[in-house]
C-alpha cells in the first residue's frame, strides 16, 4: 500500500529560511532610495527594515506589526544613517566598548602567535587599555563615542603624557572601534582628534660620559644596592653583573636596540676576520627589519670577553643567550639590565642631557649612531640606516637633528679641490697697515719707487685633529 501525499508531513522551514524576507511583503519607502525596504519574515510577527549602505546590509526590527508605523521607523532609520555618516558617529547600539576590546585582543593574540606582531606590542596594548582607556570608555556603548568624547579623553591624559603616548592611546581606541566596524557592529568610525607630535630625540653620551659609564659600571660589578624599582612596594636588592659594562660597550659598538639584548643568542653571532674585523649579527626581526647587522671592531672583543665569563658556567652554547643567560624569562632578563643601567645613570647624574632630554638604555643605541655620524669617513645615511635597521628619515629626525656645525668642523672647512687643505679661504692680516709713504729715488735720471720687502702673513693656527674613529675597550 502506497503512502498518499496527504499523509506526508509538511517540511518544517529551516532557521535560515525563516529569516528570509517573504517576497510578497517587500515594500519600498516612498520618497526614499530603493535600497531602503520594509518586509516580513516567518520568524517574527514584526515588520523588518533593511538598507544597503557602503557595501553593508543593515537590518533592524521595527518592533511593530503596523505597516504604516514600520514605514515611519524605516524613514527614521535612514535619516540616522545619513546623520551618522555626516558626523562620523557610530550607529549600532547595544555593544559595549570593553566587550569589543576583549574580542580585539583575542584576535590580536592570534597575530602574535603567527609572528605578525611582537608579544611586547600586544602586552603594551593590554597595559594601556587597563591603565587609562577602559576606565574611561569601558562601559560606554560604541555608538556614544564621538569626536567630542575622544577630545575630552585627550584633555584628561594630555597633562601626564607626551604627544607620542597620546597618539598610542588613541591608536588603541581606534583599533577597538575598527574591529567593531569590520564586523558590522559600527556603521562608521567617529572622527579622531589630530595630535601634533613633536620629535624628541633621546639623549646620547659624548666621549667623556661614555668612558665614565664604562668605568663606573666596571666598579659596580659584584656589588649590590637597595633600589626602588616600582612605585609601590618595598625596595629590593639589585645585584650588578658583568653584563652591565659589557652591555654599554656592546650597544655603542653594534647599533642594536634594547630588545635585541634579550633575544640575541650565540647562534645569531658570527665573528668575521678578514680585512676588517667585526661581528655579523643575524638577529630575530625587530621593527619589521631582519637584515644582518655588522658591528665595530671593538664589539668583537666585548663579545669574546662576555662569552668567556659565561663559558665557565656552561652558559655559552649556541642556544644560550649572550646577555643574562641565567634568566629563562627574557623579559625579566631585560628588566634586570634596565634596572642596573638606570641605577648607573642616577649614580653618575646622567639621567638627563644638557638640554633636559631624558636618557634611557635606548640612549646607548642613539650614541652608537651619533658616533658614526660624527666620526664616520664619508658614510652615507642610507648605509647607516640599513645597518641599524631603521630608515633615513628616522636617522635625520632622531639622530642627525642633534648634530651641530662645530661637531663636524673638518667637514665644514673641507676643500674637495685640495683634500689636504682644511680651510681654503685666505687668512686676513688684521695688523694695523703701514701708512708710511714709500721711499723715492732717482735712477738714471728717472724717478722710481724704492723696493720695500713684503711682510710675511702669519700662518693660521692649526685646526684640532679629528675625533678618533673607534672607542677602545676599557
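Residue numbers (the working numbering): 291 to 764.
A virtual CB, placed ideally from N, CA and C, is assigned to each residue, including glycine.
Since the structure is predicted, the reported quantities are computational estimates derived from the model, not experimental observations.
Legend entry - Local Cβ density within 10 Å of residue 727, reported as buried at 16 or more and exposed below that: Your numbering for residue 727 matches position 437 in the chain shown. Reliability of the predicted coordinates at residue 727 is poor, the pLDDT of 45 falling under 50, and the value obtained from them is presented with this limitation in mind. That one is exposed.
Inset, instruction - List in chain order: all unbroken alpha helix (DSSP H) runs of 4+ residues lying wholly within the region 597-662. - result: 620-638
Legend entry - Simplified DSSP state of residue 549, which is helix, strand or coil: To locate residue 549, count along the chain shown from 1; it is residue 259. Note: residue 549 maps to helix in three-state DSSP.
Inset, instruction - List the whole-angstrom C-beta distance separating residue 387 from residue 440, where the pair is believed to meet the contact cut-off of C-beta under 8 Å. - result: Indexing the chain shown from 1 puts residue 387 at position 97. Indexing the chain shown from 1 puts residue 440 at position 150. Between residue 440 and residue 387 the Cβ distance is about 12 Å, and since that is not below 8 Å, they are no contact.
Inset, instruction - Throw me the rounded Cβ distance for the residue 554 and residue 654 pair, which I believe falls under 8 Å. - result: If you number the chain shown from 1, residue 554 lands on position 264. If you number the chain shown from 1, residue 654 lands on position 364. 14 Å between Cβ atoms; not a contact.
Legend entry - Unbroken beta strand (DSSP E) run spanning residue 671, endpoints: In the chain shown, counting from the first residue as 1, residue 671 sits at position 381. Where residue 671 is concerned, there is no enclosing beta strand (DSSP E), although the alpha helix (DSSP H) it sits in stretches over 671-677.
Inset, instruction - Please report the residue range of the alpha helix (DSSP H) in which residue 397 lies. - result: On the chain shown, residue 397 is found 107 positions in, with the first residue counted as 1. Taken as a continuous stretch (DSSP letters only), the alpha helix (DSSP H) holding residue 397 covers 387-403.
Legend entry - Local Cβ density within 10 Å of residue 330, reported as buried at 16 or more and exposed below that: Position 40 of the chain shown holds residue 330. Result: buried.
Inset, instruction - Give the secondary structure of residue 308 by DSSP, where H, G and I count as helix, E and B as strand, and everything else as coil. - result: As a position in the chain shown, residue 308 is number 18, starting the count at 1. DSSP places residue 308 in helix when its eight states are reduced to three.
Inset, instruction - Report the option in 616, 475, 607 whose CA atom is closest to the CA atom of residue 271. - result: A query on residue 271 cannot be resolved here, the shown segment of the chain reaching from 291 to 764 and no further.
Legend entry - Nonlocal neighbours in the same chain, by C-beta distance under 7 Å from residue 635, ignoring five residues either side: Here the question's residue 635 lines up with position 345 in the chain shown. So the qualifying residues of the chain are 641, 649.
Inset, instruction - Determine the DSSP secondary structure at residue 716, reduced to helix, strand or coil. - result: Counted from its first residue, the chain shown places residue 716 at position 426. In this prediction, residue 716 has a pLDDT of 38, which is less than 50 and means its spatial position is unreliable; what the coordinates show is noted afterwards. Reduced to three states, the DSSP call for residue 716 is coil.
Inset, instruction - My understanding is that residue 624 touches residue 529, with C-beta atoms under 8 Å, so please give their C-beta distance in whole angstroms. - result: As a first step, residue 624 is located in the chain shown; it is residue number 334 there, counting from the start. As a first step, residue 529 is located in the chain shown; it is residue number 239 there, counting from the start. Contact doesn't hold; Cβ gap of about 16 Å is too wide.
Inset, instruction - Quick one: grab the DSSP three-state call for residue 326. - result: Along the chain shown, one-based indexing puts residue 326 at 36. Correct three-state label for residue 326: strand.
Legend entry - residue 410 classed as buried or exposed, judged by whether at least 16 other C-beta atoms fall within 10 angstroms: Numbered from 1 along the chain shown, position 120 holds the residue referred to as residue 410. That one is exposed.
Inset, instruction - Tell me whether the beta-carbon of residue 416 lies closer than 9 Å to the beta-carbon of residue 459. - result: To locate residue 416, count along the chain shown from 1; it is residue 126. To locate residue 459, count along the chain shown from 1; it is residue 169. Not a contact, by the Cβ cut-off of 9 Å.
Legend entry - Selected residue, minimal CA-CA separation from residue 418, among 395, 432, 400, 405: Reading the chain shown from its first residue, position 128 is the one you call residue 418. Nearest option by C-alpha distance: 395.
Inset, instruction - With residue 484 as the anchor, note down where its alpha helix (DSSP H) starts and where it stops. - result: Locating residue 484 in the chain shown gives position 194, counting from the first residue. No alpha helix (DSSP H) holds residue 484; DSSP gives it neither H nor E.
Legend entry - C-beta neighbour in chain C for residue 638, strict 9 Å: Of the chains in the structure shown, none is chain C; there is only one protein chain.
Legend entry - Proximity winner among 367, 327, 469, relative to residue 315 (alpha-carbon distances): One-based indexing of the chain shown puts residue 315 at position 25. Per the Cα distances, 327.
Inset, instruction - Determine, using beta-carbon pairs with one atom in the region 465-479 and one in the region 503-523, whether at least three such pairs fall under 8 Å. - result: no
Legend entry - residue 675 to residue 322 span [Cα, whole Å]: Position 385 of the chain shown holds residue 675. Position 32 of the chain shown holds residue 322. Each residue's Cα considered, the two are about 58 Å apart.
Legend entry - C-alpha distance - residue 485 paired with residue 442, whole-angstrom precision: What you label residue 485 is simply residue 195 of the chain shown in a count that begins at 1. What you label residue 442 is simply residue 152 of the chain shown in a count that begins at 1. Going from the Cα of residue 485 to the Cα of residue 442 covers about 13 Å.
Inset, instruction - Using DSSP bridges, identify the partner residues of residue 349. - result: Stepping through the chain shown from its first residue, residue 349 is reached at position 59. Residue 349 pairs with 340.
Legend entry - Helix, strand or coil at residue 499 [DSSP, three-state]: Start at 1 with the first residue of the chain shown, and residue 499 comes out as number 209. Three-state DSSP puts residue 499 in a helix.
Legend entry - Residues that DSSP places opposite residue 570 in a beta bridge: Mapped onto the chain shown, residue 570 falls at position 280. Answer is 560, 584.
Inset, instruction - Alpha carbon to alpha carbon, how far is residue 345 from residue 613? Give it in angstroms, no decimals. - result: For the purposes of this step, residue 613 is taken as residue 323 along the chain shown, with counting starting at 1. For the purposes of this step, residue 345 is taken as residue 55 along the chain shown, with counting starting at 1. Their backbone Cα atoms lie some 53 Å apart in a straight line.
Legend entry - Rounded straight-line distance, which links the Cα of residue 447 to that of residue 332: Position 42 of the chain shown holds residue 332. Position 157 of the chain shown holds residue 447. Distance between the alpha carbons of residue 332 and residue 447 is about 51 Å.
Legend entry - Pairwise C-alpha distance: residue 622 and residue 633: Here the question's residue 633 lines up with position 343 in the chain shown. Here the question's residue 622 lines up with position 332 in the chain shown. The straight-line gap from Cα to Cα measures roughly 17 Å.
Legend entry - Nearest candidate by alpha-carbon position, reference residue 320, set 361, 560, 340: On the chain shown, residue 320 is found 30 positions in, with the first residue counted as 1. Per the Cα distances, 361.
Inset, instruction - Report the option in 517, 677, 335 whose CA atom is closest to the CA atom of residue 547. - result: Within the chain shown, numbered from 1, the residue matching residue 547 stands at position 257. Residue 677 is the option with its Cα nearest to residue 547.
Inset, instruction - Classify residue 595 as helix, strand or coil using the three-state DSSP reduction. - result: Numbered from 1 along the chain shown, position 305 holds the residue referred to as residue 595. It is helical.
Inset, instruction - Please work out which residues of its chain come closer than 7 Å, Cβ to Cβ, to residue 466, disregarding the five sequence neighbours upstream and downstream, and give them in chain order. - result: Within the chain shown, numbered from 1, the residue matching residue 466 stands at position 176. Counting only Cβ-Cβ distances below 7 Å, and skipping sequence neighbours, we find 387, 390, 391, 394.
Inset, instruction - List the DSSP bridge partners of residue 555. - result: Along the chain shown, read from residue 1 onward, the residue named residue 555 stands at position 265. DSSP lists 611 as partners of residue 555.
Inset, instruction - Quick one: grab the DSSP three-state call for residue 575. - result: Translated into the one-based positions of the chain shown, residue 575 becomes position 285. DSSP places residue 575 in coil when its eight states are reduced to three.
Legend entry - DSSP three-state assignment for residue 515, whether helix, strand or coil: The residue given as residue 515 occupies position 225 in the chain shown. Here residue 515 sits in strand by DSSP.
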